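Peer 1: Protein chains in written order, with our numbering: chain A, 59 to 200; chain B, 59 to 200; chain C, 59 to 200; chain D, 59 to 200.
Below are the structure tokens for one structure; questions will follow.
There are 4 protein chains.
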Amino acid sequence: MEALALAKAAAEAMWREDNAARWLGMRIEEVRPGCARLSMPVAQDMVNGHNLCHGGLIFTLADTAFAYACNSYNQRAVAAGCSIEFLAPAYLGEVLTAECSEQVLRGRTGVYDVKVTNQKNELIAVFRGKSATIKGQLVEGA
Amino acid sequence: MEALALAKAAAEAMWREDNAARWLGMRIEEVRPGCARLSMPVAQDMVNGHNLCHGGLIFTLADTAFAYACNSYNQRAVAAGCSIEFLAPAYLGEVLTAECSEQVLRGRTGVYDVKVTNQKNELIAVFRGKSATIKGQLVEGA
Amino acid sequence: MEALALAKAAAEAMWREDNAARWLGMRIEEVRPGCARLSMPVAQDMVNGHNLCHGGLIFTLADTAFAYACNSYNQRAVAAGCSIEFLAPAYLGEVLTAECSEQVLRGRTGVYDVKVTNQKNELIAVFRGKSATIKGQLVEGA
Amino acid sequence: MEALALAKAAAEAMWREDNAARWLGMRIEEVRPGCARLSMPVAQDMVNGHNLCHGGLIFTLADTAFAYACNSYNQRAVAAGCSIEFLAPAYLGEVLTAECSEQVLRGRTGVYDVKVTNQKNELIAVFRGKSATIKGQLVEGA
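Here's what the structure looks like:
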């Protein structure tokens, strides 16, 4: 299977079992080899009394984009560690987009960067994830 | 108000408007000045098809414990940046506990460490958060 | 003064008092607004018995490129926090290059990414620094 | 060999080939299983024109304490990634101490925390390192 088709097939396989991403209202906007873009509207359950989105859920969106990007070669990979810098608040009703791009993949270790923006293209957070490849594939026999 | 009572009052004020923490089934187990311990059962919505908890939600628990700890002086503080190392998976039905303790608070900047364990006291993740104090209090006139 | 000339003048002012960078044999290869590229040969004093460069000195090169980039607007800035991922070893006699580029600068806070490569353009480490602007300029009256 | 004696023997073996630590004037103050404490005076070569120590060299001290701690079982380990938060400046003539303690060691992965203080016991920086065990021992046949 060609690389782009494989990335899409791997993402579909992940998505079917990704309860949390669906529960949080995420949507896969794009997947390519080493890259993924996901969106998530900030819902009532995600905010505090000042209508500010919980930082953990901003992280969760970024972390999910990272997961789709680092699994896009159809080789299972997990997050070993992640860091996030919060730059601006996100509010109820906004739509956040997390765009993940691979910085390096060497042996079993990858480094992926994610930018989270709102619908006005303002930068909300930057995230860096380190992946470790494990055994197994998402799409068998691909 | 005495420091421990103030920490509890600040936590109660935060909890009332913390939709996300309640939605995710978290529970405040303990709050003291500079420290907080919260628990969260791993529910069906939080896992994938292999019953593994989404790393973003483990982060969200840790981040929430961090928020209660760094706001425990009744002075509003926000997360500037956080990092997490994932050490072991968490599964459906497990109960996770995040224990946060202040490492340093100097001027407007604090560093807080969180350990996330499961009900067997196995270490699932370690988290470090950096806080920035902002204007405002949680409990007015305290 | 025009932005590029100001970046160069600020770098020259920093370099004159930067004992450590000179002591470690660093060289400024390029400075532009928000960006800096520095090189450093791995010398005998920097390696262990296996001729491997000390990771702290790889960090120091990256951190120095970060400093020149975040001070390139002639507004003094300091490192608040940094992280580094070590991807491959560096050896005695190699020449390392650290290239820093600004990811975001908003208010007093900036995020800068650095890639450290060797003379074969192999990636040795990736670094992320968070800057905080402080009072003062490097070139007075510019 | 008993654990404490082994930690000391492993540290001595490392020290003999640790050009950088000696060059930077570091001194091993204490080594125990999973822990290490090192000191370093801030020398003229390490400061800028305002007598402020280069952050990279503060990192290098912390990273070195981390290396001695994670190699204290006589099983070779390397730094996979590190983060540092700079809390206060260090000045020419001060003596910095880095104290590293193991947070967790599970399988091939360890997490180690370091606090860097000055001679007045003021906190200068906090550091977190993630180690990966590799093949080989420091003291053969121990």
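Cβ coordinates follow ideal geometry from the N, Cα and C atoms, glycine included.
Since the structure is predicted, the reported quantities are computational estimates derived from the model, not experimental observations.
Sorted by chain position, which residues of the same chain lie with C-beta nearer than 6 Å to Ser141/C's C-beta, five sequence neighbours on each side aside?
Peer 2: Setting aside the 5 residues that flank it on each side, Ser141/C is surrounded in the same chain by Arg186, each with a C-beta closer than 6 Å to its C-beta; the list follows chain order.
Peer 1: Considering Asp171/C, what are the terminal residues of the beta strand (DSSP E) in which it resides?
Peer 2: Residues Thr167 to Thr175.
Peer 1: Is it the case that the stretch 59-73 of chain D contacts the stretch 163-176 of chain D, given that we only count it when at least three CB pairs across the two stretches are under 8 Å?
Peer 2: no
Peer 1: Can you find a CB in chain C that lies within less than 8 Å of the CB of Val105/D?
Peer 2: yes
Peer 1: Report all residues from its chain with a CB closer than 8 Å to the CB of Leu145/D; omit the five preceding and five following residues, and keep chain order.
Peer 2: Leu181, Ile182, Ala183 and Val184
Peer 1: Can you grab the Cα-Cα spacing for the pair Val153/C / Asp171/D, in whole Å?
Peer 2: 31 Å
Peer 1: Look at the Cβ atom of Thr191/D, then the Cβ atom of Gly114/C, and state whether they are nearer than 8 Å.
Peer 2: no
Peer 1: Kindly indicate which three-state DSSP category Tyr126/A falls into: helix, strand or coil?
Peer 2: In the structure shown, Tyr126/A adopts helical secondary structure according to DSSP, grouped into three states.
Peer 1: Once you ignore the five residues that flank Asn109/B on each side, which residues in its own chain have a CB closer than 6 Å to its CB?
Peer 2: Tyr149 and Leu150
Peer 1: Helix, strand or coil: how does DSSP classify Gly187/C here?
Peer 2: strand
Peer 1: Any idea if Arg74/D is buried or exposed, counting beta-carbon neighbours within 10 angstroms, 16 or more meaning buried?
Peer 2: Exposed, since its Cβ has fewer than 16 Cβ neighbours within 10 Å.
Peer 1: Nearest chain A C-beta to Lys178/C closer than 8 Å, yes or no?
Peer 2: Not an interface residue.
Peer 1: Any idea if Glu87/B is buried or exposed, counting beta-carbon neighbours within 10 angstroms, 16 or more meaning buried?
Peer 2: exposed
Peer 1: Look at the alpha carbon of Glu160/A and the alpha carbon of Ala138/C, and state the distance between them as a whole number of angstroms.
Peer 2: 25 Å
Peer 1: Using alpha carbons as the reference points, say which of Val105/A, Arg85/A and Val89/A lies closest to Asn203/A.
Peer 2: Residue 203/A is absent from the model: chain A starts at 59 and stops at 200.
Peer 1: Find the residues of chain B that neighbour Ala78/A, judging by a C-beta separation of less than 9 Å, and give them in chain order.
Peer 2: Asp103, Met104, Val105, Asn106, Cys111, His112, Gly114 and Leu115, listed in chain order.
Peer 1: DSSP three-state label for Lys178/B, please.
Peer 2: coil
Peer 1: Should Gly92/D go down as buried or exposed, given a rule of 16 or more other Cβ atoms within 10 Å for buried?
Peer 2: buried
Peer 1: Considering only the alpha carbon of each residue, which of Thr122/B, Lys173/B, Gln195/B and Val105/B lies closest to Val105/A?
Peer 2: For Val105/A, the nearest C-alpha among the options comes from Thr122/B.
Peer 1: Compare the C-beta of Ser189/A with all C-beta atoms of chain C and state if any pair is closer than 8 Å.
Peer 2: no
Peer 1: Can the beta-carbon of Glu40/C be found less than 8 Å from the beta-carbon of Arg95/C?
Peer 2: The structure shown does not extend to residue 40/C, since chain C is modelled only from 59 to 200, so the question has no answer here.
Peer 1: Where do the N-terminal and C-terminal ends of the alpha helix (DSSP H) with Leu64/C fall, by residue?
Peer 2: Ala61 to Arg74
Peer 1: Tell me the residue span of the beta strand (DSSP E) that contains Ala94/B.
Peer 2: Element bounds for Ala94/B: Cys93 to Pro99.
Peer 1: Classify Met59/C: buried if its beta carbon has 16 or more other beta carbons within 10 angstroms, exposed otherwise.
Peer 2: Its Cβ having fewer than 16 others within 10 Å, Met59/C is exposed.
Peer 1: Counting only beta-carbon atoms, is Ala137/C nearer than 8 Å to chain G?
Peer 2: Structure shown: chain G not included; protein chains present are A, B, C and D.
Peer 1: Of all the CB atoms in chain A, is at least one closer than 8 Å to the CB of Val169/C?
Peer 2: yes
Peer 1: Got a sec: which bits of the stretch 129-157 of chain B sit with their beta carbon under 9 Å from any beta carbon on chain C, in order along the chain?
Peer 2: Ala138, Gly139 and Ser141
Peer 1: For the alpha helix (DSSP H) that Ala79/D lies in, which residues bound it at each end?
Peer 2: Asn77 to Trp81
Peer 1: Within its chain, find whatever has a CB closer than 6 Å to the CB of Lys188/B; leave out the 5 residues flanking it on each side and keep chain order.
Peer 2: Ala138, Gly139 and Val169
Peer 1: Quick one: grab the DSSP three-state call for Leu145/B.
Peer 2: coil
Peer 1: Quick check: what's the CA-CA separation for Cys80/D versus Thr155/A?
Peer 2: Note that residue 80/D corresponds to Arg in the displayed sequence, not to Cys. Spanning the two alpha carbons is a distance of roughly 49 Å.
Peer 1: Which residue from Phe124/B, Gln102/B and Ser97/B puts its Cα closest to that of Val162/B?
Peer 2: Taking each of Phe124/B, Gln102/B and Ser97/B in turn and checking the Cα distance to Val162/B, the smallest one comes out for Phe124/B.
Peer 1: Rank Tyr126/B, Leu196/B, Pro99/B and Val136/B by C-alpha distance to the C-alpha of Thr175/B and give the top, closest one.
Peer 2: Pro99/B
Peer 1: When you compare the CB of Glu75/A with every CB in chain B, is at least one pair closer than 8 Å?
Peer 2: yes
Peer 1: Measuring alpha carbon to alpha carbon, tell me which of Asp103/B, Arg134/B and Leu82/B ends up nearest Val197/B.
Peer 2: Arg134/B
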